[in-house]
Amino acid sequence: MERQEIIDGLVEILKTIRTIDQEKLKNVTEETDFIADLGTPSTELINIAAKAEQKFEVEFDDDDIDDLGSKVKDIVDLILRTKERG
Amino acid sequence: MVLSGRKVAVVGMGGAFPKCTSLDHFSDQLFSNQSLIREWDKAVAHGKNVRSTVSGFITEAEMNLETVFSTLLEGYPEVYVDLLNRIPPANLSTADIGSIWAMLGSLDAIKMAGWTDKETESETTGVVVGSGGGGHEIQRNAWHNFFELGKKTRLVGSHTVDRAMVYRDAANVSCLIKNKGVCESIGSACATGLGNIGHAYRLIKFGLQDRAVAGGVEGTSLETFIGFDAMQVLSRGFAPEESSRPFDKDRNGFVCSFGAGIVCLEEYEMAKARGANILAVIDNYFNNSDGDGDMFYPSFAGQQRLWKGLLGNSGFKPDVVKAHGTSTPAGDAIELLSIVDCLGTKGYHISAPKSQFGHMLGAAGAVEFITSILMLQKQRVLPCLNTVNLNPEQENFQKTAAWDGPKSPMADFRDLLPQKSIDKEINSITCLNYGFGGTNSAILISKDN
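Protein chains in written order, with the UniProt record's numbering: chain A, 1 to 86; chain B, 1 to 449.
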């Protein structure tokens, strides 16, 4: 799975989080920070992770979620890493 | 009635009301003797598994809200969308349906009060709002997915606590209006609505706050409804609009309903000084417990002490008694006889708003407080709808040796209970509400002179 494909999927998830300013979703890159750049309430990060699990058909370990950074590339890395782990 | 010390004024009202689009609409319906009770499709859908199918319920669409269901968990209302953009998404994300009604009611009440942002956000502005039940709809779906379906906790998201906690209504209102004074909820079952207003009154009266947003909420919830249905205490066997019939001899239970009532209270001299429209003055609030160890059965002695606590030895007689009047067999009889025992048989009327919209549980006392303010404004008594026939015989408990209350049958007090709204000069109203656990609450309000 290509990284851009994952980013596009993440943006689709972010569109369902109503506390995020939808205008800011037009220029999401790997370096976009969910909290600093998108203003995502920290309480919503677990919702994003759970929806990512469903969308990309993966199951994250609790430790990985605990250590997850707040940038888009962090969750892209985690999705790819989890997929490789199988 | 004059009491020393700080006085408290009612300066704003708002809420959520069955079948009504606004407070004005609600008022029009009530004074034109309409019932707001309908057959509830959600209850009917469960066939013979539910006993009662009537309710004064409110749908999301009627409040211009839309439910977004979770893609992760079947049936879980992940968030509500405000189609009129009255509440920001961040506040909606932490709210169950009742909390949203509380926030909408608060916005309307504050607007009516005319408070500036500075006043609303002050350290001397409190929020005192509560519910009878928990966030049942949120919890049931979350728990079902974890316990029965074996799903991970994170699939339900991060808002089951804030959307279901006991004081969620107050917390959501406070986060919306950004007050810096107290934020808390009083819980006293079906006296909750009046209990929160009474507590807020005391905060201002005792000088701890200058303003308060206060009231009670009960969000539409079949989970709440079925608990009472199981107790066999809900009305059945009548057309929806005839189901709630306080004091009528054929009454067989209450109509489980939902709603929200929010009021703005303010220290009287401050309200007066800024030229506020004073809707009413709160003269006194009193609450107590039956003390007889009975969770459910009403207590004549407890209600006698309630009246004594409210009025003392003043001999004061309000123009209207806004009764709890649930339409349950025991409750209405004890209540009517305790009112008569205290006030006599003439010179006042009894109004039973539950006859028109049912029993809103934790919201009841607050919404009925609002109906009392409306009675003061309109100078009209709201009716005891469906109070068609009163028992011409003594109640069984009146025949016992232990009974020390009025011996007359309920039918002797027919003239106190208007079946239609009537014009009347109204200067003062007493509101009564009681709850499981033997809790009793009473408040006395009057026109500003």
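Using N, Cα and C, we set each Cβ at its ideal position, and we do this for glycine too.
Neighbours of Ala90/B in chain A, taken as residues at a C-beta separation under 8 Å, are given in chain order as Thr19, Pro41.
The DSSP-derived three-state label of His359/B is strand.
In this structure, the beta-carbon distance from Gly362/B to Gly237/B does not fall below 7 Å. In the DSSP annotation of this structure, Thr345/B is not part of any beta strand (DSSP E), being labelled neither H nor E. Between Thr116/B and Ile177/B, the CB-CB gap reaches or exceeds 7 Å. With respect to the 7 Å criterion, Ile443/B and Gly198/B are classified as neighbours on the basis of their beta carbons.
Val182/B carries a coil assignment under DSSP once its states are collapsed to helix, strand and coil. Residues of chain B with a Cβ closer than 8 Å to the Cβ of Ala50/A are, in chain order, Leu72, Lys152, Arg154, Leu155, Gly157. The C-beta of Ser93/B comes closer than 7 Å to at least one C-beta of chain A. Boundaries for Lys322/B: no alpha helix (DSSP H) harbours it, while the beta strand (DSSP E) harbouring it runs 320–322, taken from the DSSP string. Along the length of the segment 88–143 of chain B, whole beta strand (DSSP E) runs at least 3 residues long occupy 125–131, reported in chain order. Contacts with chain B at 7 Å (Cβ-Cβ) do not include Ile75/A.
The alpha carbon of Leu416/B has as its nearest neighbour, out of Val281/B, Lys354/B, Asn313/B, Phe247/B, the alpha carbon of Phe247/B. Ile20/A and Thr43/A have their C-alpha atoms some 12 Å from each other. Comparing alpha carbon positions, the residue from Ile445/B, Lys205/B, Gln419/B closest to Val320/B is Ile445/B.
Here the alpha carbons of Ala214/B and Asn91/B stand approximately 19 Å from one another.
Using a Cβ-Cβ distance cut-off of 8 Å, the segment 217–234 of chain B and the segment 377–391 of chain B are not in contact, since fewer than three pairs of beta carbons, one from each stretch, lie closer than that value. Taking a contact to require three or more Cβ pairs closer than 8 Å, the segment 103–113 of chain B and the segment 14–28 of chain B qualify as touching. One alpha carbon belongs to Asn284/B, the other to Asn440/B, and they sit about 14 Å apart. Around Gly207/B, the same chain offers Arg6 as residues with beta carbons nearer than 8 Å, after the five sequence neighbours per side are excluded. Looking from the CA of Asp423/B, the closest CA among Leu336/B, Tyr80/B, Ser52/B, His349/B belongs to His349/B.
The DSSP-derived three-state label of Tyr167/B is coil. Neighbourhood of Ile35/A in chain B, by CB distance below 9 Å: empty, with the nearest CB roughly 14 Å away. DSSP, read as helix, strand or coil, puts Ala260/B in strand. Here DSSP, grouped into helix, strand and coil, assigns Val367/B to helix. In the structure shown, the three-state DSSP call for Thr192/B is helix.
Runs of the alpha helix (DSSP H) lying entirely within the UniProt domain "Carrier" (1–83) of chain A, each at least 4 residues long, are 3–14, 45–56, 62–66 in chain order. Taking all protein chains shown into account, Lys354/B has 16 or more neighbouring C-beta atoms within 10 Å of its C-beta and is therefore buried. Between Val128/B and Ala212/B, the CB-CB gap stays under 7 Å. Straight across, the Cα-Cα distance linking Ile87/B with Gly98/B is about 14 Å. In the DSSP assignment, Thr224/B falls outside any beta strand (DSSP E) and lies within the alpha helix (DSSP H) extending over 222–230. Within chain B, no C-beta atom comes nearer than 8 Å to that of Glu5/A; the closest sits roughly 19 Å away.
Annotated as proximal: Val50/B and Asp229/B, with beta-carbon spacing under 7 Å. Here Pro418/B is not near Pro392/B, since their CB atoms are 7 Å or more apart. Beyond the five residues adjoining it in sequence on each side, His159/B comes within less than 7 Å, by CB distance, of Ser93, Thr94 in the same chain, given in chain order. Under the Cβ distance rule, Asn47/A counts among the residues neighbouring chain B, one pair being separated by less than 7 Å.
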